[in-house]
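For the sequence shown, UniProt numbering assigns the number 1 to the initial residue and increments by one for each residue that follows.
Glycine included, every Cβ here is placed at the ideal spot set by N, Cα and C.
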Amino acid sequence: MMQNIPFLRGGEKIWFETPEVSFSGNAFLPVTAIVPVRQHAGSDARPLIRAGDRVREGQLIARSQDQASSNIHAPIPGILHSWKETSLPDGTLGLAAVIHLSGSFDILGRKEEHYPWQSSPVSEIFRLLEDRGAVNTVYGGAPLVPQMRALKQEPTRALILRAFDEDPTTMLDTLLWNSFQDHVLIGAAIIAKALEAKTTCILHHDKQWTVASPTSLEQLFPVSDVIPVKAAKKYPGGNIHRIFNILDSLKESIPSNRIVIDPSTALSVYDIIVKNQPIVQQRILVTGPAVQRTSFFTTRIGTTIGDVIEECGGFKSEPGRIIINGLLSGISIHDLDTPITKSVKSVHLLDHDASPDQKTKECIHCGLCLRVCPANLDPMKLAAGIRKNNESRELIESCERCQHCGCCAMVCPSRIPLHHIIREASFMVKESAE
């Protein structure tokens, strides 16, 4: 089914296909798992094992070194064959453990635990989330616990659950919300409990949302006021800037000290606290005209993109492009050995008709990028300054204001990769500031 999403500014629309797909369970286990020590926005975790060591399913194999790194666990039992540099889903290179499957499982096939989280001390929730490598995919997969600890220092706190995708073409968070709403709400309730959040705001796209959980909102959030808010289906509508603008326009007073989570993050918290499992698997969507079968399933961290595609029946046609985490703001990858990490949500396989080779031309000064930019920037002027190595304060501030939504690149008739030029410059500005 084709769906259109209007841009927040400029009157432009994007059209994309939303496949009808239901959750199909667990994918086949990978014979070899490639497990990066950096699966998040931040720094590497420190490896704890050596080549030749035997590892158990769920064993800690790399330990967090600072607030910008998270613990990494073995997704499968087996032998650590080697450490090697591998392509990562964010387009960079990183160190990864290569584990060959062998031996018995400690998690898979066992009866699932159902831990009574309501009676769990807050300190225990924090400890488990940190030990088991919880990340927040709203913030690029950054470690969740440092964000929660920083927020806990504030006098009043709010938890924001965005029940839809930041990039609507990713579709995973919407699928998770529709398929596992009760578990998503429990995961959010666990975070609200740990934060002692005064308010929990649920942003959704449903026409008339009613809780699908067998447990009422009052029982799930006993000390938090729950405020459902219907957000308009416009792009960008799910990034932090837009969410805070929506909250600040409400009649209800929402504490200004906030943390935003999504269904993917909430479900990982549910797995950690209720199921008593480290993060060793990821729910993903694989779709696009170049794949045989659109699939929505759970796969092990470290499974390669190539193995994921085989799980979906292989290629239907020669792929023109493989894109991670959405068509609007995602990353194009070229290595089928790129592994699934904690922050991967979707894999789009486009054929050559959907992604034809297009040459970049000179700017024709049409002003479309300026008209659609939600941050009121002039993307072409900004990109020109970046290309000239301009380091003015105005350019740096503009890079910091960019929301990395990709609207400018989507509408550019000259096919100038404005979004990528500005994003790379923003990363460089951030690194130099640190």
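Item, Value
"Three-state secondary structure assigned by DSSP to I397", "Rather than Ile, the amino acid found at residue 397 in this sequence is Glu. E397: helix per DSSP, three-state reduction."
"Collapsed DSSP secondary structure at V372 in the structure displayed", "helix"
"Residues bridged to F296 [DSSP beta-bridge criterion]", "F23 and L285"
"For C201, the residue or residues it bridges with in DSSP", "I160 and I227"
"Touching by the beta-carbon criterion (3+ pairs, under 8 angstroms), the segment 153-169 and the segment 234-241", "yes"
"Distance cut-off 7 angstroms: V286 Cβ against heavy atoms of the ligand MG", "Of the ligands one can find in the structure shown there are none, so the ligand MG has no counterpart to examine."
"CA-to-CA distance, P116 to A384, given in whole angstroms", "56 angstroms"
"Inter-stretch contact (C-beta, 8 angstroms, three-pair minimum) for the segment 297-308 and the segment 31-39", "yes"
"Sequence-distant residues of the same chain with beta carbon closer than 6 angstroms to G10, five excluded per side", "R371 and V372"
"Residues near M1 in its chain [Cβ-Cβ closer than 6 angstroms; skip 5 each side]", "T18"
"In chain order, each alpha helix (DSSP H) run of at least 4 residues that lies wholly inside the segment 96-165", "122-131 and 144-152"
"A51 classed as buried or exposed, judged by whether at least 16 other C-beta atoms fall within 10 angstroms", "exposed"
"Outcome for L93 when other beta-carbon atoms lying within 10 angstroms are tallied against a minimum of 16", "exposed"
"Under 8 angstroms between C-beta atoms of P344 and I272", "In the sequence as displayed, the identity of residue 344 is Val instead of Pro. Cβ atoms of V344 and I272: not closer than 8 angstroms."
"CA nearest to the CA of P263, picked from K207, N178 and C312", "N178"
"Cβ shell of R401 (< 8 angstroms), same chain only, five flanking positions each side left out", "A375 and L377"
"Top-ranked residue by Cα proximity to L101, from P75, C408, T86 and S426", "P75"
"C-beta atoms of N325 and I331 nearer than 8 angstroms", "yes"
"Cutoff 8 angstroms: L175 Cβ touching any chain B Cβ", "Within the model displayed, chain B is absent; a lone protein chain is all it includes."
"T360, buried or exposed, once every other Cβ within 10 Å from all chains shown has been counted against 16", "exposed"
"Inter-residue CB distance, S87 and Q65 (contact presumed, cutoff 8 angstroms)", "Not a contact, Cβ separation roughly 23 angstroms."
"Where D357 sits in the DSSP three-state scheme", "coil"
"Unbroken alpha helix (DSSP H) run spanning R387, endpoints", "P379 to R387"
"Of the residues E113, A192 and R132, the one placed nearest V280, counting alpha carbons only", "R132"
"Candidates D248, R415, F427 and R63: closest to S398 by CA position", "F427"
"Delimiting residues of the beta strand (DSSP E) encompassing H81", "G78 to S87"
"8 angstroms Cβ cutoff met for L327 and H352", "no"
"Residue from I72, C363 and T299 with nearest C-alpha to P413", "C363"
"C-alpha gap between R293 and E310, whole angstroms", "10 angstroms"
"Paired residues, beta bridge with P36 - DSSP", "A96"
"Cβ neighbours of L175 in the same chain (closer than 8 angstroms, five flanking residues each side left out)", "V21, F23, L285 and F296"
"Distance, L267 Cα to E57 Cα", "20 angstroms"
"Between the CA atoms of E112 and I422 - distance to the nearest angstrom", "46 angstroms"
"DSSP bridge partner residues for I422 (one or two, in chain order)", "In the DSSP output, where bridge partners are listed per residue, I422 has none listed."
"Span of the alpha helix (DSSP H), counted from its first residue to its last, around I186", "Q181 to L195"
"For S119 and I322, the rounded distance between their alpha carbons", "45 angstroms"
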